[in-house]
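Novice: Residue numbers (the working numbering), protein chains in the order written: chain H, 72 to 295; chain S, 216 to 472; chain X, 142 to 505. Take a look at the following structure, please.
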Amino acid sequence: MAKPIKIALAGEGGQGVQLVAELLAEAAHQEGKEAIYIPNFGVEQRGGVSIAYVQIADEYIGAPRFKEGDIVVALSDRAITRVQPHVGPDTVFVYDNSELNTPGPRDELIGQQFNHHQTDSMLIDIEANRVGTEEHQGKLDLPKNAKKVIGIAATEVAKNEMTPRVFNMVILGAVLKATGVMELEPIQKALEKKIGSKFERNPELRDLNYKALSRGMELVDRVL
Amino acid sequence: MVEENELLAIQPSMPKSWNAATKPHKFCPGCGHGIVLKCIGEAIDELGIQDRVVFGCDIGCSLLAWDFFNCDSIQTHHGRTTPVVTGVKRARPDRIVIAYMGDGGGYAIGSQHLFNSATRNEKITVILVNNTNYGMTGGQMAPTTLPGQKTETCPYGRDVENDGYPTKGPEAVAAVTPEGAYVARGTMAKPRELKKYIKKALETQMNGTGFSFVEALSSCPTNWRTNAADMWNMVEDSMPKYYKPGELKVPGQGKEE
Amino acid sequence: MAEKPIQGEKKAFMTGNEVVAWAALAAGAEIMYGYPITPQNEIMHYWTRMIPKHGRSFMQTEDELSAGFTTLGGVMAGKRAFTATAGPGNVLMQEPVSMAEMMRIPIVLVVQQRGGPSTATVIYAQQEVTLTTFGGNGEGFRVVYSPSNHQELFDYTIKAFNTAWKYRFPTFVLGDGYQAKMRDSLVMYNPEERGVRMVDSEPFVGKPGMPGIDRDPGHFRNTYNIEEELEEVLLQYIEDYKRMSPEVIEYKTEGIENGCDVLVIAHGIVARAALTAVTAMRGEGLKVGYFRPITLRPFPVDQLREAAQKAKKLVVAESAYGQLNRLVKEALYGLNNPPEIVELFRPGVGITDEEIVRKTKSAL
C-alpha cells in the first residue's frame with residue numbers, strides 16, 4: 072500500500088504559500104485522490120513564517136500534520152530555518168536561490184531604534200547585510216541531510232520575465248516537474264477554480280500564472 | 216552631505232519605558248496600537264512611574280503588548296483585564312494599574328466588569344483601543360462596528376435592526392461614574408492630544424480621585440481591507456462622526472445636578 | 142418554500158468550519174448564536190453569508206455566556222438553535238449547559254478544541270474532553286460526539302440535532318482546531334434524501350392559546366427547595382439517560398475479534414492516525430487492534446470492556462494528558478486482569494501515525 076506523499080511549504084506571510092498548498096490539495100482531490108491540506112497558524116494576523124502541510128494519497132490519510140516531508144519547499148530565508156524539522160534523508164528540498172532574493176526582515180537593521188542611550192555600537196554595517204550576495208547565500212541554513220537540495224532562481228525568473236508576484240507559481244512548476252506529484256493540467260484546473268474570477272476580470276493574469284508554471288517546470292529535472 | 220549610516224541613526228526616539236528587546240513589535244503594518252502604546256510609554260516616562268506600573272492586557276491584538284514595556288505586565292483572559300488589575304490595585308494601592316484592551320474586551324465580554332468598576336469608582340486606568348472590529352480573530356463585528364460597516368459576521372453590513380447599535384463607551388462610563396473620575400476619548404490621528412488624555416487619566420489614579428478611562432480611536436487596515444488613504448479616512452472622518460473625541464469628564468469640572 | 146441548501150449529493154473539499162455551517166443548514170437549523178473565538182470563527186463567517194438565501198438567522202452576542210443562554214432561549218422558543226465555541230469559550234459555556242442539563246433543553250454545541258488551559262494556543266488539542274463530557278456543576282447528562290473526518294463532522298452535526306431533540310439532553314459535536322482549519326473531502330447531502338427524518342423541534346414557551354385557559358402555562362424552573370425534591374428529578378434523569386445510552390452509543394473497532402496483543406484506543410482526529418497505524422501494523426502481521434469511541438458520552442463501556450478483556454495491553458493515544466484515559470480507566474474498572482495501559486499523551490500537540498506505530502511496537 073502506497074504511503075501518502077507529504078509536502079510541507081513555508082514562506083513569509085504574503086508570499087502565496089497557502090495558495091500553492093491549496094492548489095496541490097485541490098488538484099489531487101479533483102483527480103479523485105485522498106488529500107488533506109492544513110495551514111499552520113499562530114495568533115498574529117500578519118507577519119511571521121507561514122507554513123502549509125499537504126498530503127496526497129490513494130488511501131485514507133492518518134494525521135493531518137507530519138514530521139518529515141517527501142517534498143519540503145522554503146520560499147524565504149527565515150522559512151528555510153523554520154522548516155528544518157521537516158527535512159529527512161528522503162526529502163527533496165526546494166528553495167529560492169535568486170541573487171535578487173526578496174530580502175526577508177533583517178531584524179538587526181530594523182530593530183536599531185534609538186532611545187536615550189544611543190551608542191556607536193548600535194550603528195549598522197550596511198554592506199555586510201546586503202542580501203543576494205554569495206556571502207549571504209553562504210549564511211543560509213540549508214539542510215545537510217536531505218536526499219536532494221534544489222535551488223531555483225524563482226524570484227529572478229519571475230521578476231525578469233513576468234512579475235515578481237508569480238514567483239510562487241514558478242516554484243510550484245518546479246516542484247511538479249521535480250517530483251512528478253501531479254500533472255500540470257489538474258493544477259491549472261485548480262487554479263481556475265480558486266482564482267478564476269480574478270482571471271475573468273484580468274485575462275493577462277491567467278497567462279502570467281500559466282507561464283510561471285511552465286517556466287518553473289523548465290528549470291529542473293525530475294528527481295523523484 | 217548626510218551619510219547613509221547617519222540617516223539610519225536619525226530614528227524616532229522610543230520611550231524609555233519601552234522594552235527595546237521586543238522591538239520591532241508584532242502589530243500589523245498600519246495598526247494604531249503602536250501609536251497608542253507610544254503615547255502610554257511617553258506618559259509613563261513623563262510621570263516617572265515606570266517602576267510602579269502594572270500593565271494588564273486582554274485577549275485580541277492587545278495581548279501582543281504583554282512584553283511591550285519594561286513594566287510588570289499581566290496578559291489575562293478576554294474581558295477580564297479590568298477585574299485582574301482591580302484585584303492588584305485593591306491589594307497594592309501603591310501600584311499604578313493600567314487595563315489595556317480592545318473594544319471586545321471592554322464593551323462586549325468585559326462590559327460588566329467595566330460598568331461595575333466604573334460605577335464603584337475603582338482607582339484604576341482603563342485604556343481601550345477602538346478599531347471597530349475584532350482584529351486578531353479575523354475581523355468579526357464588534358460592539359463599535361459602525362452601521363453599514365461590513366465585517367466577517369455582518370458581511371452585508373451592520374444592520375442596526377438585527378445587530379443593534381454601536382456602543383458609545385466613554386459616554387456610558389461618564390454617565391455612571393461619580394465625581395472624581397476622568398473620562399476621555401482620543402484618537403491615533405492626534406497623538407499629542409491622546410497622550411495628554413492618557414497622562415491626565417494616570418494622574419487621576421495617582422491622585423486617588425477615582426476611575427479613569429480613555430478610549431482611543433484606532434485603525435485596523437488588515438481587517439478593514441483598506442489602503443493607507445482609506446484607512447485614514449475611516450479614522451479621521453467616519454469614526455469621529457459617531458465617536459466624538461474630547462474629554463467627557465474631568466475631576467473638579469462636574470456640572471451642577 | 143425555501144430552496145434546499147444542497148441540491149442532490151455534492152462532493153466537496155473544504156475546511157471543517159465550512160462543513161459545520163453547511164451541515165447546520167442541511168439539518169434545518171434556524172438560528173445560530175455565537176461569539177468570536179479561534180479556531181471556530183469561520184463557522185459564523187460562512188453561516189452569516191449563507192443564511193439570507195435560506196431564511197435563517199444569526200446573532201452575535203457579547204460573550205459565550207450570552208451565546209449559550211441565548212441559544213437556550215432560542216431552543217425554548219421552539220427553534221433548532223445552536224452555537225459553537227472553543228477553549229476558554231467552552232469553559233464559559235458550562236454555565237448555560239448546566240441549565241440545559243437541569244431543564245432538559247436540547248441545545249446543540251460545536252466545540253473546536255484548542256490548546257489549554259486558559260488561552261494557551263488557538264491551534265489544537267484534545268484537552269476539552271473532561272470539560273465537554275462533565276464540565277458543569279452536575280452529573281454530565283449530555284451527549285458528546287467525537288468525529289474524526291469531515292464526512293463525520295457533517296453527519297454528526299446533523300445527527301446532533303436529532304439526538305438532542307429526541308432525548309432532550311444537550312448534545313455536543315467535539316471537533317478540534319486541526320479539523321476546523323484543514324481541507325478534507327466529503328459528500329454533502331440533504332438528510333431527507335438519505336432517509337434521515339429530522340426530529341421536529343417544539344416550543345417550551347410561546348405555544349398558541351391563553352395560558353391557564355386554553356392550555357397549561359409553560360412554567361420552567363431549575364431551582365428546588367429541599368434535597369429530596371432535587372433527588373427525585375435527578376433519579377428520573379438518570380433513568381432516561383440509561384435508557385437512551387444503548388440507542389446513542391457509537392464506536393468503531395478493527396482487528397479485535399480474536400483478541401490482540403495491543404489494543405490502540407484513540408478518538409477524534411487522533412483516531413485517523415491510530416487507524417492507519419493499526420492497519421499498517423496488521424499488514425505486517427502484527428496482532429494489533431483498534432478501538433475508537435465515537436460517543437465520549439455516553440461512553441461505550443460494555444464494548445470497550447469486551448475488547449479490552451481480550452487484549453494483553455492497551456495504548457491510549459490522545460493530544461491531552463490523560464482525559465480520554467480517565468474515561469477508559471473508569472470504563473474498565475473491575476475487569477479481571479485489566480490490561481496494562483501504555484500512555485501516548487501529547488497535550489496540545491498532534492500525534493502522527495509513526496508515533497503510534499513506534500509506541501505500539503515498543504509495547505509488543
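Virtual Cβ for every residue (Gly too), placed ideally from N, Cα, C.
Could you tell me whether the Cβ of I76(H) comes closer than 8 Å to any Cβ of chain X?
Specialist: No, because no Cβ of chain X sits closer than 8 Å to the Cβ of I76(H).
Novice: Using the Cβ count rule (16 or more neighbours within 10 Å means buried), how would you classify N172(H)?
Specialist: For N172(H), the predicted model reports a pLDDT of 49, less than 50, meaning its position is unreliable; a value from the coordinates is still stated below. Flag for N172(H) reads buried.
Novice: Listed in chain order, which residues of the stretch 91–122 of chain H have Cβ atoms closer than 9 Å to some Cβ of chain S?
Specialist: Flagged, chain order: V114, E115, Q116, R117, G118, G119.
Novice: In this structure, does DSSP put Y187(X) in helix, strand or coil?
Specialist: Reduced to three states, the DSSP call for Y187(X) is helix.
Novice: Beta strand (DSSP E) containing V269(S): first to last residue?
Specialist: 268–272 is the extent of the beta strand (DSSP E) around V269(S).
Novice: Along chain H, in chain order, which residues have C-beta atoms closer than 7 Å to that of P437(S)?
Specialist: Strictly speaking, residue 437(S) in this sequence is Thr, with Pro absent from that position. Chain H residues near T437(S): Q116, R117.
Novice: Taking the CB atoms as reference points, tell me whether M316(S) and C272(S) lie closer together than 8 Å.
Specialist: Against a cut-off of 8 Å, the Cβ pair of C272(S) and M316(S) comes out as a contact.
Novice: So for A266(X), helix, strand or coil by DSSP?
Specialist: Three-state DSSP puts A266(X) in coil, outside helix and strand.
Novice: Return the CA-CA distance between I211(H) and D148(H), expressed in angstroms with no decimal places.
Specialist: Note that residue 211(H) is Leu in the sequence shown, not Ile. One C-alpha to the other measures close to 7 Å.
Novice: Please classify Q253(X) as buried or exposed, where buried requires at least 16 other C-beta atoms within 10 Å of its C-beta.
Specialist: So Q253(X) counts as buried.
Novice: If you draw a straight line from the alpha carbon of T250(H) to that of R293(H), how long is it in whole angstroms?
Specialist: For T250(H) and R293(H), the distance between alpha carbons rounds to 6 Å.
Novice: For N200(H), decide whether its Cβ has a neighbour in chain X, counting only Cβ atoms nearer than 8 Å.
Specialist: The predicted model places N200(H) with a pLDDT of 43, which falls under 50 and marks its position as unreliable; any figure quoted below should be read in that light. No, because no Cβ of chain X sits closer than 8 Å to the Cβ of N200(H).
Novice: Assign L376(X) to one of two classes, buried (16 or more other C-beta atoms within 10 Å of its C-beta) or exposed (fewer than that).
Specialist: L376(X) comes out exposed.
Novice: What's the C-alpha gap between L262(S) and F486(X)?
Specialist: For L262(S) and F486(X), the distance between alpha carbons rounds to 50 Å.
Novice: Mind checking if R413(X) is an interface residue toward chain C, Cβ cutoff 8 Å exclusive?
Specialist: Judged by its chain identifiers, the structure shown contains no chain C, and its protein chains are H, S and X.
Novice: Using 8 Å for Cβ pairs, my map puts T417(X) next to D325(X). What's the rounded Cβ distance?
Specialist: Not a contact, Cβ separation roughly 14 Å.
Novice: How many Å lie between I127(H) and S259(X) at the Cα?
Specialist: Taking the straight line from one Cα to the other gives about 35 Å.
Novice: Do you know how far the Cα of V389(X) is from the Cα of S207(X)?
Specialist: Straight-line Cα distance between these residues: approximately 29 Å.
Novice: Out of curiosity, what's the CA-to-CA distance linking T211(X) and E280(X)?
Specialist: If you take the alpha carbons of T211(X) and E280(X), they lie about 23 Å apart.
Novice: Under a CB-based cut-off of 8 Å, is M356(S) close to chain X?
Specialist: So, interface residue.
Novice: Sort Q116(H), K215(H), E271(H) by Cα distance to R440(S) and report the nearest one.
Specialist: Answer by Cα proximity: Q116(H).
Novice: For the stretch 223–269 of chain X, list the alpha helix (DSSP H) runs that are entirely contained and at least 4 residues long, ordered along the chain.
Specialist: Whole alpha helix (DSSP H) segments, 4+ residues: 228–244.
Novice: DSSP state of Y511(X), grouped into three classes?
Specialist: Residue 511(X) falls outside the range modelled here, since chain X spans only 142 to 505, and no answer is possible.
Novice: Consult DSSP for F275(X) and reduce its assignment to one of helix, strand or coil.
Specialist: It is helical.
Novice: Tell me whether T234(H) is buried or exposed, calling it buried when 16 or more other Cβ atoms sit within 10 Å of its Cβ.
Specialist: With fewer than 16 other Cβ atoms within 10 Å, it is exposed.
Novice: Straight-line CA distance for Q355(S) to G319(S)?
Specialist: Taking the straight line from one Cα to the other gives about 10 Å.
Novice: Which residues, taken in chain order from the stretch 302–330 of chain X, show a beta carbon closer than 7 Å to some beta carbon of chain H?
Specialist: Those would be Y319, K322, M323, R324, D325, S326, in chain order.
Novice: Only counting runs of 4 or more residues, tell me where the alpha helix (DSSP H) segments fall wholly within the stretch 310–356 of chain X, in order along the chain.
Specialist: 318–322, all fully within the stretch 310–356 of chain X.
Novice: Considering only their Cβ atoms, is the gap separating V375(S) from P362(S) smaller than 8 Å?
Specialist: In contact: P362(S) and V375(S) (Cβ atoms closer than 8 Å).
Novice: Return the first residue and the last residue of the beta strand (DSSP E) that K502(X) is part of.
Specialist: Where K502(X) is concerned, there is no enclosing beta strand (DSSP E), although the alpha helix (DSSP H) it sits in stretches over 494–504.
Novice: From what residue to what residue does the beta strand (DSSP E) around M284(H) run?
Specialist: The sequence shown places Leu at residue 284(H), not Met. Where L284(H) is concerned, there is no enclosing beta strand (DSSP E), although the alpha helix (DSSP H) it sits in stretches over 274–289.
Novice: Under three-state DSSP, which class holds I192(X)?
Specialist: I192(X): helix per DSSP, three-state reduction.
Novice: Taking DSSP as the reference, what is the three-state secondary structure of L95(H)?
Specialist: L95(H) falls in the helix class under three-state DSSP.
Novice: Using a cut-off of 7 Å between C-beta atoms, extract the partners of K265(H) located in chain X.
Specialist: What K265(H) touches in chain X: nothing, since even the nearest Cβ is about 11 Å away.
Novice: Flag this pair as yes or no: are the beta carbons of A170(X) and A461(X) separated by less than 8 Å?
Specialist: Going by C-beta atoms, A170(X) is not nearer than 8 Å to A461(X).
Novice: Would you mind sorting A280(S) into buried or exposed? The rule is 16 or more other CB atoms within 10 Å of its CB.
Specialist: It counts as buried.
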